[in-house]
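Quick note on my numbering: the sequence shown kicks off at 579 and runs consecutively. Ideal Cβ positions, reconstructed from N, Cα and C, are used throughout, including at glycine. Structure first, then comments.
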Amino acid sequence: MTSFFNLFSRNAANAPQDSLSEADYARGQLWMVRFGIGNSAMEALITGAMLTALALQLGASNMMIGLLLAMPHMMSFMQIPGVWATEHFRERKKLTLRAAILSRPGILLMVVAVLMPTPSASIALLMLGLALRYGGGWMMNCAWASWIRDLVPEEIQGQYFGRRMALMTAATGAVTLAGG
């Protein structure tokens, strides 16, 4: 089994390949569905109504709630370095993983925000967590969008992404309902 840290090394197993086997395609497509479902569930828990309820509980003003909910859009400028890195380094898998790892501590900051001693510190940490989460997410999306085109053959893209979106929507709905 490949070590987690081998994902970041420059060994032959991680080098870009000229062609993929059917097993590689199948494995990659399965992981993209799993990633999509997990990501949709996570987004349902950290955005929208859940985020608004948390911000209200922490004492956020209407303006702060608006800024929190706008954070994903405000961080979209991070696509610019994401596109540059994707074009410059041409290692989409590694860039996707690195940017994902960069963005995930933002979620941890959002969790820790509820433990802060003052409402203003809680809101500030929540804002920082969202900025980190979505800044890294936008960077990741640039490499990922390019990479998935190679993993799903053109003739099945519509069917594959339709099924993936249906599963992601079901996961989002289930998590939202379970969250109250």
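Item, Value
"Inter-residue CB distance, L729 and Q607 (contact presumed, cutoff 8 Å)", "6 Å"
"R711 beta carbon less than 9 Å from that of R682", "yes"
"First and last residue of the uninterrupted alpha helix (DSSP H) at S681", "670-681"
"Residue interval of the alpha helix (DSSP H) (run including P731)", "Neither: P731 is in no alpha helix (DSSP H) and is coded neither H nor E."
"Whole-angstrom C-beta distance between M653 and W716, which should lie under 8 Å", "6 Å"
"Option nearest I658 by Cα separation, candidates A752, R727, E732, G714", "G714"
"Three-way DSSP call (helix, strand, coil) for G614 in this model", "helix"
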